[in-house]
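Chain order of the listed sequences is A and B.
For the working numbering, count along the first sequence from 1 and bump the result up by 1082.
For the working numbering, count along the second sequence from 1 and bump the result up by 204.
Glycine included, every Cβ here is placed at the ideal spot set by N, Cα and C.
As the structure is a computational prediction, the values presented were derived from the model and not from experiment.
Quick notes on the structure that follows.
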Amino acid sequence: MARKPAASKDAADKGATPNVSKDELLKFYRDMLLIRRFEEKAGQLYGMGLIGGFCHLYIGQEAVVVGLEAAAEEGDKRITSYRDHGHMLACGMDPGGVMAELTGREGGYSKGKGGSMHMFSKEKHFYGGHGIVAAQVPLGAGLAFADKYLGNGRVTFTYFGDGAANQGQVYETYNMAELWDLPVIFVIENNQYAMGMSVRRSTKSTSFFGRGEAFGIAGEQVDGMDVLAVKAAGEKAVAHCRAGKGPYILEVMTYRYRGHSMSDPAKYRTREEVQKMRDERDAIENVRELLLQGKHATEDDLKAIDKEIKDIVNQAAEFSKESPEPSLDELWTDIYADDPATQNA
Amino acid sequence: MATEILMPALSPTMEEGTLAKWLKKEGDTVSAGDILAEIETDKATMEFEAVDEGILGKILIAEGTQGVKVNTPIAVMVDEGESADDIAAPAPAAASAPVSTESESTPATIAAQAAPAPAPAANVSPDWPEGTKMKTMTVREALREAMDEEMARDETVFLMGEEVGEYQGAYKISQGLLDKYGPRRVVDTPISEIGFAGIGVGAAFGGLRPIVEFMTFNFAMQAIDQIINSAAKTLYMSGGQMGAPMVFRGPNGAAARVGAQHSQDYAAWYAQIPGLKVVMPYSAADAKGLMKTAIRDPNPVIFLENEILYGRSFEVPEVEDFTIPFGKAKIERPGKDVTLISFGISVGHALAAAETLAAEGIDAEVINLRSLRPLDYGTVLESVKKTNRVVTVEEGFPVASIGNHLSAYIMENAFDYLDAPVINCTGKDVPMPYAANLEKHALITPAEVVEAVKKVTYK
């Protein structure tokens, strides 16, 4: 197969091995594989009717969150859209809690009241999980506003897609973020399709990171199928923000293998296009080859990891089926922070 | 180990579908992600992917079969070495279907409850002790003083909005605050309502206590998604993990001669939303006490001010740290013949009408609700039971108004006490006109309130 991992290609260009440790490569492999297997399982549970409503899978885009999490420090924040399972797993949230939220159970991160699109973890500094396209962008800048106000040195990763990048509130936010030097990294996950609308059909000038120039915001485009490149760009962006230089834009070029949501007939692109990405650019395969080529791991080692991940995902799925539905009392809690059940008509 | 492949649900509403075409045949090796079959739903033809690797051992449902129910086994996957022939037609495994919701089996006792509210009791304690020293101040001064006191008290409280800083406030509510607290805590924003409202909500998620000023609430419509979807719903969606303790404030309702786009009362809009608290002060004392409570409240609060009231003077108690709890109405004028229920600037109309009525021998009780969510149903019911006649008075549009809601509530809870149908006095069902004479007619007037009272008292 004519696979050429981007990372090893870069390395070949520089005439050196990629500057990455065996442990880090293994962690990338493991973390990305967890997301992929988790999402495959979620798709399966959806098919069985255990997950309802909207369910947006992250398969294909794993290197984006895994690379950027490698650039984050404890206490940094993240916020994203409704395609959020990968972000949650990458920041260390429990797969069982995430899956149980997908099945609408008591053991879910939001006690079953949020669902696939609305999960949060104060402990892991994950601020959702937002269902209105681009609404998370000002929210993310607001988190950064709070961090700057409190002077705590934290940065916020604010993820959104190429579809959201055409919403007006993104540009209101760019302006204020730069005006106030907010420590926020705007991560545009450009998977090339806003639901079924290709970037080519939706957008005249397709350099999304370049739009930051109009606001004085620095940015760059990154190969989102190469986890090492994502991490390197993330570190640069984090350093920029932590130095008090204001926001930074990363346009991460990626690809979603699955449909927009579960009920996507996928007529807007060819099967060949998807297959080509899977065969030639797959982020997990890239790392797998780096591990094998660099003799960091044997096929057997990787098989053992595959099994380990499969077990984690199966346990999460089991938990999500066994966890009971929330008690009906939950209907009336968490409406108001001070008085849970009343205060309404 | 053989695994069944079940007919998948491919949309939120799919119950059955047509197995249009098999793209793999028995004996084919399958990798995760390979397209196994095409399935037609009511919406579209969808590709169905394999989740695990293996060999397609047996096809149980032939292509072209219609009406295949979700979760019916359609094929069997086997591992290498196993043969499809080894497999006895598997008993349809009990697909762990989602557990039925209890509400189906239990009579809708809990789920159907409109609200688990206890029987409301009227809170009739006065806002301040008798004999308290009073001072005269405008609503504007009262709002400023409340924000000033709370900013001094809590370092995480900050004010943001258009012209709140260097301009000293479009309506001078924030006058002097920039000088006192500096640009870190009094933040001038560009004209970007959804942007700065969203930044405010994010800052609240991040541990601050924002006061977001809208120059008027008309402009908050640009930001209403952030107010409702982000601020009001996050506590619930996160299972109680995080919410938005903050205040959205600014003038609401008609000013004078500013036309349709700048003259609207949003009370009923926001009062409809669970997760928001909604208050609308009338007097300077209301403004001060409610604003301090709003800033301390751990929920998003919609604070609806009124431009015409800003310059009006009232008595405010000289009490240290004066607050008014939400959900506590004020009886502005006790009476026995009819209850006028109002809030915000309309309380003034109700009081003026009560004066006129008094001269004609009708003794009206005027209730100033002050807070619309939570709402003081106890005080409303107690008054209805005393006077048996009700007129509601508000500036907003008539359809789905606060008055409509109160009428329904009173009908459900005090029907036998009513001696006449409740009348809702509201603004007219028209966009606000510019011409002075038309504008006057579009708004609620004391004369209309007097007329309504005469109807319910059959005078």
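Check: Are the stretch 1261 to 1275 of chain A and the stretch 1219 to 1232 of chain A touching, with three or more C-beta to C-beta distances below 8 Å?
Finding: yes
Item checked: C-alpha gap between residue 245 of chain B and residue 216 of chain B, whole angstroms -> Counting from one through the second sequence, the residue named residue 245 of chain B turns up at place 41. Counting from one through the second sequence, the residue named residue 216 of chain B turns up at place 12. Roughly 11 Å between the two C-alpha positions.
Item checked: Coarse secondary structure for residue 226 of chain B, derived from DSSP in three states -> If you number the second sequence from 1, residue 226 of chain B lands on position 22. Note: residue 226 of chain B maps to strand in three-state DSSP.
Notebook entry, point to check: When DSSP labels each residue in this structure, what does residue 1033 of chain A get in the three-state scheme?
Noted result: Chain A is shown from 1083 up to 1427; residue 1033 of chain A falls before or after that span and cannot be answered.
Checklist line | C-alpha gap between residue 1142 of chain A and residue 1335 of chain A, whole angstroms | finding: As a working mapping, residue 1142 of chain A is identified with position 60 in the first sequence. As a working mapping, residue 1335 of chain A is identified with position 253 in the first sequence. The straight-line gap from Cα to Cα measures roughly 11 Å.
Check: Which runs of the beta strand (DSSP E) spanning at least 3 residues fall entirely within the stretch 536 to 588 of chain B, listed in chain order?
Finding: 542 to 546, 568 to 572 and 575 to 577
Next item on the list: Please report how far the alpha carbon of residue 1210 of chain A lies from the alpha carbon of residue 545 of chain B, in whole angstroms.
Entry: Indexing the first sequence from 1 puts residue 1210 of chain A at position 128. Indexing the second sequence from 1 puts residue 545 of chain B at position 341. So the alpha carbons of these two residues sit roughly 41 Å apart.
Item checked: Residues of its chain near residue 332 of chain B, where Cβ-Cβ distance is below 6 Å and the 5 sequence neighbours each way are ignored -> As a working mapping, residue 332 of chain B is identified with position 128 in the second sequence. If we look at residue 332 of chain B and ignore the five residues flanking it on each side, its Cβ neighbours are 521 and 523.
Checklist line | Residues of its chain near residue 604 of chain B, where Cβ-Cβ distance is below 7 Å and the 5 sequence neighbours each way are ignored | finding: Translated into positions along the second sequence, residue 604 of chain B becomes position 400. Excluding positions up to five away in sequence, the list reads 472.
Note to self: Looking at chain B, is there any beta carbon in it that lies within less than 8 Å of the beta carbon of residue 1248 of chain A?
What the structure shows: Position 166 of the first sequence, counted from the first residue, corresponds to residue 1248 of chain A. Not an interface residue.
Margin query: At the 8 Å Cβ level, is residue 701 of chain B part of the contact set with chain A, yes or no?
Written below: As displayed, chain B neither begins before 205 nor continues past 663, which places residue 701 of chain B out of reach and without an answer.
Next item on the list: Out of B/254, B/576, B/379 and B/639, point me to the one whose CA is closest to residue 280 of chain B's CA.
Entry: The residue given as residue 280 of chain B occupies position 76 in the second sequence. Cα-wise, what sits closest to residue 280 of chain B is B/254.
Check: Taking the alpha-carbon positions, what's the residue 1158 of chain A to residue 347 of chain B distance?
Finding: Walking along the first sequence from the start, residue 1158 of chain A turns up at place 76. Walking along the second sequence from the start, residue 347 of chain B turns up at place 143. When rounded, the distance between both Cα atoms is 36 Å.
Checklist line | Beta-carbon proximity list for residue 475 of chain B, same chain, < 7 Å, skipping 5 on both sides | finding: Translated into the one-based positions of the second sequence, residue 475 of chain B becomes position 271. Cβ neighbours of residue 475 of chain B beyond the five flanking positions: 482, 576, 577 and 606.
Notebook entry, point to check: For residue 260 of chain B versus residue 278 of chain B, is the C-beta spacing smaller than 8 Å?
Noted result: Your numbering for residue 260 of chain B matches position 56 in the second sequence. Your numbering for residue 278 of chain B matches position 74 in the second sequence. Their beta carbons are not under 8 Å apart, which means residue 260 of chain B does not touch residue 278 of chain B by this criterion.
Check: Helix or strand or just coil, what does DSSP make of residue 333 of chain B?
Finding: Along the second sequence, one-based indexing puts residue 333 of chain B at 129. It is coil, neither helix nor strand.
Notebook entry, point to check: Got a sec? Which residues, its chain only, sit under 7 Å from residue 1107 of chain A by beta carbon, not counting five neighbours each side?
Noted result: As a first step, residue 1107 of chain A must be located in the first sequence, where it is residue number 25. 1369, 1372, 1373 and 1378, listed in sequence order.
Checklist line | Any 3 or more C-beta pairs closer than 8 Å across the stretch 441 to 459 of chain B and the stretch 1200 to 1215 of chain A | finding: yes
Notebook entry, point to check: Rounded to a whole number of angstroms, what is the C-alpha to C-alpha distance between residue 527 of chain B and residue 358 of chain B?
Noted result: As a working mapping, residue 527 of chain B is identified with position 323 in the second sequence. As a working mapping, residue 358 of chain B is identified with position 154 in the second sequence. Near 15 Å, if we compare the C-alpha coordinates of residue 358 of chain B and residue 527 of chain B.
Note to self: Just to check my reading of the structure: residue 1137 of chain A and residue 1343 of chain A have Cβ atoms closer than 8 Å, yes? What is that Cβ distance to the nearest angstrom?
What the structure shows: Taking the first sequence and counting its residues from 1, one reaches residue 1137 of chain A at position 55. Taking the first sequence and counting its residues from 1, one reaches residue 1343 of chain A at position 261. At roughly 6 Å, the Cβ-Cβ gap stays under 8 Å, so residue 1137 of chain A and residue 1343 of chain A are in contact.
Checklist line | Helix, strand or coil at residue 417 of chain B according to DSSP, with G and I counted as helix | finding: Along the second sequence, read from residue 1 onward, the residue named residue 417 of chain B stands at position 213. Three-state result, residue 417 of chain B: strand.
Check: Taking 8 Å as the CB-CB limit, is residue 1177 of chain A close to chain B?
Finding: The residue you call residue 1177 of chain A lines up with position 95 of the first sequence. Answer no: the Cβ-Cβ gap between residue 1177 of chain A and chain B never drops below 8 Å.
Next item on the list: Could you work out which residues of chain B lie near residue 1136 of chain A, taking near to mean beta carbons separated by less than 8 Å?
Entry: Taking the first residue of the first sequence as position 1, residue 1136 of chain A is located at position 54. The contacting residues are 216.
Check: Name the chain A residues whose beta carbon is nearer than 7 Å to that of residue 440 of chain B?
Finding: Counting from 1 along the second sequence, the entry for residue 440 of chain B is found at position 236. Neighbours of residue 440 of chain B on chain A, chain order: 1195, 1416 and 1417.
Next item on the list: Compute the distance between the beta-carbons of residue 1246 of chain A and residue 1281 of chain A, then report whether it is under 8 Å.
Entry: Reading the first sequence from its first residue, position 164 is the one you call residue 1246 of chain A. Reading the first sequence from its first residue, position 199 is the one you call residue 1281 of chain A. No, the Cβ-Cβ distance between residue 1246 of chain A and residue 1281 of chain A is not below 8 Å.
Notebook entry, point to check: With 16 other CB atoms within 10 Å as the buried threshold, where does residue 329 of chain B fall?
Noted result: Your numbering for residue 329 of chain B matches position 125 in the second sequence. Classification for residue 329 of chain B: exposed.
Check: Any C-beta of chain A sitting closer than 8 Å to the C-beta of residue 277 of chain B?
Finding: Against the second sequence, residue 277 of chain B aligns to sequence position 73. No, no contact with chain A.
Notebook entry, point to check: Roughly how many angstroms lie between the CA atoms of residue 428 of chain B and residue 403 of chain B, to the nearest whole one?
Noted result: Along the second sequence, read from residue 1 onward, the residue named residue 428 of chain B stands at position 224. Along the second sequence, read from residue 1 onward, the residue named residue 403 of chain B stands at position 199. Each residue's alpha carbon lies about 13 Å from the other.
Item checked: Rounded separation between residue 1402 of chain A and residue 1193 of chain A - CA only -> By one-based count along the first sequence, residue 1402 of chain A stands at place 320. By one-based count along the first sequence, residue 1193 of chain A stands at place 111. So the two alpha carbons sit approximately 11 Å from each other.
Item checked: Chain-ordered chain A contacts of residue 236 of chain B [CB-CB under 8 Å] -> Sequence index remark: in the second sequence, residue 236 of chain B carries index 32 (1-based). Those within 8 Å of residue 236 of chain B in chain A are 1122.
Note to self: Using DSSP's beta-bridge definition, name the partner residues of residue 1305 of chain A.
What the structure shows: For the purposes of this step, residue 1305 of chain A is taken as the residue at position 223 of the first sequence. In DSSP, residue 1305 of chain A forms a bridge with A/1335.
Notebook entry, point to check: Out of curiosity, what's the CA-to-CA distance linking residue 1164 of chain A and residue 1170 of chain A?
Noted result: Here residue 1164 of chain A corresponds to residue number 82 of the first sequence, with the count starting at 1. Here residue 1170 of chain A corresponds to residue number 88 of the first sequence, with the count starting at 1. Near 11 Å, if we compare the C-alpha coordinates of residue 1170 of chain A and residue 1164 of chain A.
Next item on the list: Return the CA-CA distance between residue 412 of chain B and residue 1284 of chain A, expressed in angstroms with no decimal places.
Entry: On the second sequence, position 208 is the one that residue 412 of chain B refers to. On the first sequence, position 202 is the one that residue 1284 of chain A refers to. One C-alpha to the other measures close to 37 Å.
Checklist line | Contact list for residue 1257 of chain A against chain B, beta-carbon separation under 9 Å | finding: Residue numbering aside, residue 1257 of chain A sits at position 175 when the first sequence is read from its first letter. Neighbours of residue 1257 of chain A on chain B, chain order: 394, 396 and 399.
Notebook entry, point to check: According to DSSP, is residue 646 of chain B helix, strand or coil?
Noted result: Reading the second sequence from its first residue, position 442 is the one you call residue 646 of chain B. Residue 646 of chain B falls in the helix class under three-state DSSP.
Margin query: So with CB distances below 7 Å, who are the chain B contacts of residue 1157 of chain A?
Written below: Residue mapping note: residue 1157 of chain A aligns to position 75 of the first sequence, counting from 1. Within chain B, no residue comes near residue 1157 of chain A; the closest Cβ sits about 12 Å away, beyond 7 Å.
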